[in-house]
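Report on the structure given below.
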Amino acid sequence: MSTEVQKRPAVKPKVERPKLHKVILLNDDYTPREFVVQVLKGVFRIGGETAYRIMHVAHTRGACVVSVYPKDIAETKANEANDMAKYAGHPLQFTTEPEE
Ligand code: TYC
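Going by my numbering, the letters in the sequence shown line up with residues 51 to 150, in that order.
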């Protein structure tokens, strides 16, 4: 009796990891700083000090990466944050883009 050994293919097919997407906070001249911090804490589950720092970077430099997520989660969170701003009557905006 012979045992057949199934050979593995020499080259494993490469499976690309899906790209993560950045959520970016954009500065504007009107949204109150406290509101920005509140949205960061509520939607992105970021602690108070970090939320304040992210808000401040966006305020001084024009934009700041909030976090990275799989595409659908990044888009859902950005939409949720944009909806909160719209509902409150603030021009605050979050965008998403794929990581390099
Ligand atoms: N620039 C706003 C102000 O002076 C505050 C602010 C900070 C708004 C960060 C948006 O992403 C932002 N009231």
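Note that CB positions come from ideal geometry on N, CA and C, so glycine has one too.
How is residue i classed by DSSP in three states: helix, strand or coil?
i    : result
I96  : coil
L142 : coil
K64  : coil
Over what stretch of residues does the beta strand (DSSP E) that includes residue i continue unbroken?
i    : result
V73  : L70 to L76
P120 : A113 to P120
Would residue i and residue j be called neighbours here (beta carbons separated by less than 8 Å)?
i    : j    : result
P148 : H71  : yes
T126 : I74  : no
A131 : V107 : no
M105 : V118 : no
Suppose you measure from the CA of residue i to the CA of residue j; what does that come to, to the nearest Å?
i    : j    : result
R67  : P120 : 10 Å
T100 : N77  : 17 Å
T81  : P63  : 49 Å
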